[in-house]
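**Q** Shown below is the structure under consideration.
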Ligand SMILES: Nc1ncnc2c1ncn2[C@@H]1O[C@H](COP(=O)(O)OP(=O)(O)O)[C@@H](O)[C@H]1O
Ligand SMILES: [Mg+2]
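Numbering (this note's numbering), first residue to last: 419 to 901.
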């Protein structure tokens, strides 16, 4: 709780305004205290001067009256109203009076008052005392005739009234000044910081941009402020940074584009020569008549490698097209039918594996490119066949829940090594490149699976441990097409 109270206000705006108000309050306090102290000192000094000029006249007249042989009436002439006078004869206060309506009025004294009066130093200087009957007084004590002490006093009341009036005026003036400063200061700070808010908004917008890939639309630069101010400098720096980042991103996008186009063009250009090589190898193999065994073997190698190469070129071209975001066909595809067909094909290729199919009662439909989806499932089944030993059980299952078709291909083979599992969908990732090559794999199969599934608005996932490998595809399903 204490910590929360002590914590600085959160926004810079509040902090600046609060700081301004606190500083002004401190300044007001200093000015207030100084003026009040100075004023009081000045007024008391003037009282003292008046007392000096009175020179104990009133008290002296009281003294004469107090003496046994005296019959004079106290001289109140020339004394201002409320002047206090007292004489102490032989340590006893004989007479204490104030001037009231040009005559003297006795002042009743308590024991405490007498002690106070007795203790006023006889030095001719002003001292402030408090008497029960008449309040606070400024008194001066001087020696009269026959070593009597004469006390003359003037009331402190006018001084106190002036000072408290001054305090009241100052409080009102300072209070309104603080209020005006708080409101105007808050507005001013807000106005000054508006460009900074714009900078913050733009910076936040940049943090939310998908900078990792593709073409990025940078946010508008912030309005250029005065570059001599801090806010203007920040805006300038941010704009420059936005410019640099935008430049770098555009260049990166262009180079990605170039690379993609190169891959697409290269694979496209390779297709025809590879097909030609393959066709010629086949033609040569069909040559009637005796062919030396080494030549036949060489031709067979040419044929199988050119076949593999055309597969590789096709895969590369497909990936380049998917990368470029080429639209796919959007037809209703019967996934159930597709599952049955691909599994039949796989069974026909390898009788050494156990092929199981687990289908829902109702057919499952998705919208997309049948040929590509066929390729996806075929790739997964081919992997389950090529990367597992004979005798492995491979299960293809399909479900449809709440508009989501889930297709899984699992096997109980040795599994995918943990070292390559995280990047299994990246291009040319293979557990054992040497072995895979002889097995006919290109290392692009799973990249194609991922790219096609994502192009269909779906997701693909894999879990693998020895004896249990599962590829899971999620695709948005649609209602079956009306017959
Ligand atoms: N069912 C599986 N069991 C074990 N390893 C697999 C399985 N599926 C894929 N793999 C591993 O993932 C690698 C990448 O597969 P893929 O992209 O299809 O390339 P390719 O099959 O051409 O080698 C394979 O080389 C293999 O090591
Ligand atoms: Mg493969």
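Note that beta-carbon positions come from the ideal geometry of N, C-alpha and C, so glycine has one too.
So residue 556 packs on residue 546, CB below 8 Å; how close in whole Å?
**A** That pair is a contact at about 6 Å.
**Q** For residue 783, does the three-state DSSP call read helix, strand or coil?
**A** strand
**Q** Does the segment 625-633 touch the segment 586-602, meaning 3 or more C-beta pairs lie closer than 8 Å?
**A** Not touching, per the Cβ criterion.
**Q** Between which residues of its own chain and residue 468 is the CB-CB distance below 7 Å, once the five residues before and five after are set aside?
**A** For residue 468, where only same-chain residues beyond five positions count, the Cβ hits under 7 Å are 572.
**Q** Could you check if residue 797 belongs to the surroundings of ligand 2, using beta carbon to heavy atom distance under 8 Å?
**A** yes
**Q** Mapping the DSSP letters down to three states, classify residue 805 as helix, strand or coil.
**A** If DSSP states are grouped into helix, strand and coil, residue 805 belongs with coil.
**Q** Quick check on the contact list: which residues have their beta carbon closer than 5 Å to a heavy atom of ligand 2?
**A** Here the residues close to ligand 2, judged by CB distance below 5 Å to any of its heavy atoms, are 801, 859, 863 in chain order.
**Q** Tell me the residue span of the alpha helix (DSSP H) that contains residue 510.
**A** Per DSSP, residue 510 belongs to no alpha helix (DSSP H); it is in the beta strand (DSSP E), 510-518.
**Q** Quick one: Cα of residue 754 to Cα of residue 776, how far?
**A** 10 Å
**Q** Ignore the nearest five residues each way along the sequence and tell me which others in residue 551's own chain have a CB closer than 6 Å to its CB.
**A** 525, 526
**Q** Measuring alpha carbon to alpha carbon, tell me which of 622, 844, 453 ends up nearest residue 656.
**A** 622
**Q** Please report the residue range of the alpha helix (DSSP H) in which residue 893 lies.
**A** No alpha helix (DSSP H) contains residue 893, which is instead part of the beta strand (DSSP E) from 886-896.
**Q** Considering only residues of the same chain and omitting the five flanking positions on each side of residue 443, which have a CB-CB separation below 7 Å?
**A** 596
**Q** Heavy atom of ligand 1 less than 8 Å from the Cβ of residue 645, yes or no?
**A** no
**Q** Do residue 828 and residue 844 have their C-beta atoms closer together than 9 Å?
**A** no
**Q** Alpha carbon to alpha carbon, what distance is there between residue 878 and residue 704?
**A** If I take the Cα positions, the gap works out to 44 Å.
**Q** Do the segment 581-591 and the segment 559-568 make contact, defined as three or more Cβ pairs closer than 8 Å?
**A** The answer is no - the segment 559-568 does not touch the segment 581-591, with fewer than three Cβ pairs under 8 Å.
**Q** Excluding the 5 residues flanking residue 781 on each side, which residues of the same chain have their C-beta closer than 6 Å to its C-beta?
**A** 752, 754, 898
**Q** Pairing CB atoms from the segment 674-684 with CB atoms from the segment 634-643, are three or more of them under 8 Å?
**A** no
**Q** With a cut-off of 8 Å on the beta carbons, I'd call residue 544 and residue 462 a contact; round off their distance for me.
**A** 7 Å
**Q** Alpha carbon to alpha carbon, how far is residue 892 from residue 825?
**A** 7 Å
**Q** Is residue 377 helix, strand or coil when you go by DSSP?
**A** The displayed coordinates of the chain run from 419 to 901. Any statement about residue 377 would go beyond what the structure contains.
**Q** Where do the ends of the alpha helix (DSSP H) carrying residue 815 lie?
**A** Looking at the DSSP string, residue 815 is not in any alpha helix (DSSP H); the run it does join, the beta strand (DSSP E), is 811-819.
**Q** Is residue 818 near ligand 1, with its Cβ less than 8 Å from a heavy atom?
**A** Answer for residue 818: no, Cβ out of range of ligand 1.
**Q** Please report the straight-line C-alpha distance between residue 800 and residue 634, rounded to a whole angstrom.
**A** 38 Å
**Q** Please list the segments of the alpha helix (DSSP H) lying wholly inside the segment 509-597, counting only runs of 4 or more residues, in order along the chain.
**A** 529-536
**Q** What is the DSSP secondary structure of residue 834, counted as helix, strand or coil?
**A** Looking at residue 834 - three-state DSSP - the assignment turns out to be coil, as it is neither helix nor strand.
**Q** Excluding the five sequence neighbours on either side, which residues of its own chain have a C-beta within less than 6 Å of the C-beta of residue 774, listed in chain order?
**A** 813
**Q** Which one or two residues does DSSP pair with residue 750 in a beta bridge?
**A** 785
**Q** How many Å lie between residue 437 and residue 605 at the Cα?
**A** Taking the CA atoms as reference points, residue 437 sits about 14 Å from residue 605.
**Q** If distances are taken between C-alpha atoms only, which option among 803, 739, 647 comes closest to residue 684?
**A** Minimum Cα distance to residue 684 is reached at 739.
**Q** I want to check one thing, is the minimum distance from the CB of residue 769 to the heavy atoms of ligand 1 below 8 Å?
**A** no
**Q** Hey, would you say residue 784 sits closer than 9 Å to residue 896, going by beta carbons?
**A** Yes.
**Q** Residue 867 and residue 797 look like a contact to me (Cβ under 8 Å); what is the Cβ gap, rounded to whole Å?
**A** 5 Å
**Q** Which stretch, first to last residue, makes up the beta strand (DSSP E) that contains residue 872?
**A** Counting along the chain, residue 872 falls outside any beta strand (DSSP E), though it belongs to the alpha helix (DSSP H) covering 863-873.
**Q** Throw me the rounded Cβ distance for the residue 692 and residue 727 pair, which I believe falls under 8 Å.
**A** 5 Å
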